[in-house]
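Below is one structure, written out as structure tokens; the observations come after it.
2 protein chains.
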Amino acid sequence: MPDYLPPLAAIRVFEAAARHLSFTRAAAELGMTQAAVSYQIKVLEERVGAPLFLRRPREVVLTAAGLRLAPEVTRSFEILRGAFEELGEREGGMLIVNTMHTFASQWLAPRLGVFQMQHPDIAVRLEVMQRLVDFSREEVDIVVRAGKGNWPGLVAIKLIDVRFTPMLSPELAASIGGVHEPADILKLPLLDSKDPWWITWLTANNLPTDVLERQTLPSMNMQTLDAAAAMAGQGVTLLTPEYFRREVADGRLIQPFDQVIDEGNAYWLAYPESRRNVPKIRAFRDWIVKEAAGA
Amino acid sequence: MPDYLPPLAAIRVFEAAARHLSFTRAAAELGMTQAAVSYQIKVLEERVGAPLFLRRPREVVLTAAGLRLAPEVTRSFEILRGAFEELGEREGGMLIVNTMHTFASQWLAPRLGVFQMQHPDIAVRLEVMQRLVDFSREEVDIVVRAGKGNWPGLVAIKLIDVRFTPMLSPELAASIGGVHEPADILKLPLLDSKDPWWITWLTANNLPTDVLERQTLPSMNMQTLDAAAAMAGQGVTLLTPEYFRREVADGRLIQPFDQVIDEGNAYWLAYPESRRNVPKIRAFRDWIVKEAAGA
DNA sequence: TATCGTGCATAAGGAGGCCTTATGCCAGAT
DNA sequence: ATCTGGCATAAGGCCTCCTTATGCACGATA
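Read top to bottom, the protein sequences are chains A and B.
Under the working numbering, the first sequence is numbered contiguously, ending at residue 295.
Under the working numbering, the second sequence is numbered contiguously, ending at residue 590.
Put into structure tokens, the structure is as follows:
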């Protein structure tokens, strides 16, 4: 389908001029000078091979050719304008956020209601995915990911630090007469014992790491699931305290030590640099940053 | 109606790319390079604020946004293409020729059938107007006019010289025993005696011009009408012999003298320089020039 | 597993399309 | 007769848009 269309800029100018029946007013609408309109109309007429306007004193009128063209061109542009306008609205109204399960369930989901109330026109769709998404291959607006925040091409805003400390159910703690010092932990099963976090924690507390070898409990690899197991009294697990404030407050979990390990990782909000000014993205960023600061 | 449309060039590229689901093929269709397509898509995506394609290995696919946009944009462009295509056809098929009545009735009309047969796709519309039309104000493709052929901005092609010589009906000539020499004309009524041509003719033949003052016959100002009057035997008139070959051959008119006055004026075919390559205009010009040469 | 091929992205550079300013011209209105 | 509104035209400059060249990722192929 080779393209026999005249220059599109000229067509757009013609469309406006035909609606206004005036080059001057068309220029005003298009934000350019009358001379430019005159030029573009001439270009189009030469391409088409026929005059489109008759230049009468103090007015222009469409020729038969122009008269045939005008309604079609206007219709075409109305479709275009409508499509892009609607796209803007609907695109502005759907925000796809991709994050890991833990963050979504423990931090984001409980707060999303507030955002929805502040921005009723933006429909957030939460997508949960473990691997880091590639913005150029997946249809995603925003991700929340753990890491160091150095992703090229992405704006990364730190939300909360990745910290962890042992947690367990009060009943499990009571079963060994309470957890008073780090070494007490070794008396209990370690949930998700393959987790490198345990190595970090054990060495930070001068405890042997060989205990990890003797454990055979399944790795669930999601704080949510580990926490559920811990609350059921199946063992001790390392959790991010920010995520489990409620459970601790409720007494479903206890955090025996104030010490919290921080390896310098954090949870980051990230989105492509090129989209930093998209309204819905700005709105979500502004909101979540404030939430993170207040939490 | 301010124009929120993204750059139209980018939209056109998007339209092709969306149809092909390939930047490379779109580039081929548009006659540009793949890099240019990639660039324009990126421009559009930044303007829209949302990705329109997902870049997958060895293919691109439309995002939800692109998917909503594509059919609308394609429809819009189909309308445009259709409008301009049809315009080309219909514009190519209607030729408006403006000329004086004499030329139309005596020369052009009798020959137009030949042109129609050679170009059945071109519908000629003859417009008769006495004054010289202004191409920028009237909707006309071609004019035929008498003059010197020096009209700025117009291509002027000489068709036939403006010549004239007395003509009258055989009966009228017989009524004075035949017309043998110029002075015989003075015995008869001169039709359209205000015509400056008579002055020219009379002085060219060393005859007094005061005869014109004594005449009171109406001036009809159209050779066709003068000729009709002459054929009815009402007087002598000056006619362009090329126009009245048939009448002379039939015996309805006689041309008593071979001498023909030529003041250097001519009938010209004229059209705007800028439209010299419009097919229908070229076709008509080529045909009429050949006709004029053969006549 | 190493190499090749395909398709898109990116950088640098240049040409020309397109817009602006300035001015002229025409004809209707005052 | 002058003024005014509206389009045309000329000259000039910017910036868009395209090209060339190259890189990169991934699938296919051997």
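Ideal Cβ positions, reconstructed from N, Cα and C, are used throughout, including at glycine.
Assumed close pair residue i, residue j - CB separation to whole angstroms, cut-off 8 Å
i, j, result
"Val-61 of chain A", "Phe-23 of chain A", "Rounded, the Cβ-Cβ distance is 12 Å, inconsistent with contact."
"Glu-558 of chain B", "Thr-495 of chain B", "7 Å"
"Ile-261 of chain A", "Ala-204 of chain A", "6 Å"
"Leu-95 of chain A", "Ile-122 of chain A", "5 Å"
"Leu-202 of chain A", "Val-236 of chain A", "Contact doesn't hold; Cβ gap of about 12 Å is too wide."
"Asp-521 of chain B", "Leu-534 of chain B", "7 Å"
"Asp-134 of chain A", "Val-97 of chain A", "Actually they do not touch by this definition, with Cβ atoms about 16 Å apart."
"Val-43 of chain A", "Pro-7 of chain A", "6 Å"
"Arg-55 of chain A", "Ser-431 of chain B", "5 Å"
"Leu-207 of chain A", "Ala-183 of chain A", "6 Å"
Interface flag, residue i vs chain B, CB-CB below 8 Å
i, result
"Ser-22 of chain A", "no"
"Leu-67 of chain A", "no"
"Ser-136 of chain A", "yes"
"Thr-165 of chain A", "no"
"Arg-25 of chain A", "no"
"Ile-142 of chain A", "no"
"Leu-54 of chain A", "yes"
Within-8 Å CB hit, residue i to chain A
i, result
"Gln-299 of chain B", "Before going further, note that residue 299 of chain B is Tyr rather than Gln in the sequence given. Cβ-Cβ to chain A under 8 Å: yes for Tyr-299 of chain B."
"Ile-417 of chain B", "no"
"Glu-386 of chain B", "yes"
"Leu-421 of chain B", "no"
"Glu-568 of chain B", "no"
"Glu-354 of chain B", "no"
"Thr-358 of chain B", "yes"
"Ala-331 of chain B", "no"
"Val-368 of chain B", "yes"
"Ala-578 of chain B", "no"
"Ile-306 of chain B", "yes"
"Glu-434 of chain B", "yes"
Amino acids of chain A, ordered along the chain, whose beta-carbon sits closer than 7 Å to that of residue i
i, result
"Asp-371 of chain B", "The sequence given here places Ser at residue 371 of chain B; Asp does not occur at that position. Going along chain A in sequence order, the residues near Ser-371 of chain B (Cβ under 7 Å) are Ser-76, Ile-79, Leu-80."
"Leu-390 of chain B", "Under the 7 Å cutoff, chain A gives no residues; its nearest Cβ is about 11 Å from Leu-390 of chain B."
"Leu-382 of chain B", "Val-48, Ala-65, Arg-68, Leu-69"
7 Å CB neighbourhood of residue i in its chain, flanking five on each side removed
i, result
"Trp-446 of chain B", "Ala-565"
"Gly-546 of chain B", "Pro-465"
"Leu-52 of chain A", "Phe-14, Ile-41, Leu-44, Glu-45, Leu-62, Thr-63, Ala-65, Gly-66, Leu-69"
"Val-278 of chain A", "none"
"Gly-92 of chain A", "Pro-279, Lys-280"
"Glu-434 of chain B", "Ile-391"
"Ala-399 of chain B", "Leu-421, Val-423"
"His-414 of chain B", "Ala-578"
"Ala-311 of chain B", "Ala-321, Glu-324, Leu-325"
"Gly-149 of chain A", "Ala-156, Lys-158, Ala-266, Trp-268"
Residues near residue i in its chain [Cβ-Cβ closer than 6 Å; skip 5 each side]
i, result
"Arg-111 of chain A", "Glu-291"
"Asn-560 of chain B", "Ala-441, Val-457"
"Pro-256 of chain A", "Val-179"
"Ala-229 of chain A", "Leu-191"
"Gln-518 of chain B", "Thr-397, Leu-534"
"Asp-286 of chain A", "none"
Within chain A, partners of residue i - CB distance below 8 Å
i, result
"Val-573 of chain B", "Gly-49, Ala-50"
"Phe-379 of chain B", "Tyr-4, Leu-5, Pro-6, Val-48, Leu-69"
Under 9 Å by beta carbon: chain B residues contacting residue i
i, result
"Ala-173 of chain A", "The premise fails here: Ala-173 of chain A is roughly 50 Å from chain B at the closest Cβ pair, so nothing lies under 9 Å."
"Asp-132 of chain A", "The sequence given here places Leu at residue 132 of chain A; Asp does not occur at that position. By Cβ distance, chain B contributes nothing, its closest Cβ being about 16 Å from Leu-132 of chain A, past 9 Å."
Cβ neighbours of residue i in the same chain (closer than 8 Å, five flanking residues each side left out)
i, result
"Pro-601 of chain B", "With chain B running from 296 to 590 in the structure shown, residue 601 of chain B is simply not present."
"Arg-276 of chain A", "Val-155, Arg-282"
"Trp-492 of chain B", "Phe-459, Leu-533, Ile-556"
Ranges of the alpha helix (DSSP H) found wholly within the stretch 381 to 413 of chain B, counting only runs of at least 4: DSSP runs (the alpha helix (DSSP H)) wholly in the stretch 381 to 413 of chain B: 404 to 413.
Beta strand (DSSP E) segments (min. 3 residues) lying fully within the stretch 448 to 506 of chain B: Assignment of beta strand (DSSP E) within the stretch 448 to 506 of chain B, counting only whole runs of 3 or more residues, yields 449 to 462 in chain order.
Ranges of the alpha helix (DSSP H) found wholly within the stretch 23 to 66 of chain A, counting only runs of at least 4: 23 to 30, 34 to 48, all fully within the stretch 23 to 66 of chain A.
Every unbroken beta strand (DSSP E) within the stretch 255 to 279 of chain A, with a cutoff of 3 residues, ordered by chain: Runs found: 261 to 272.
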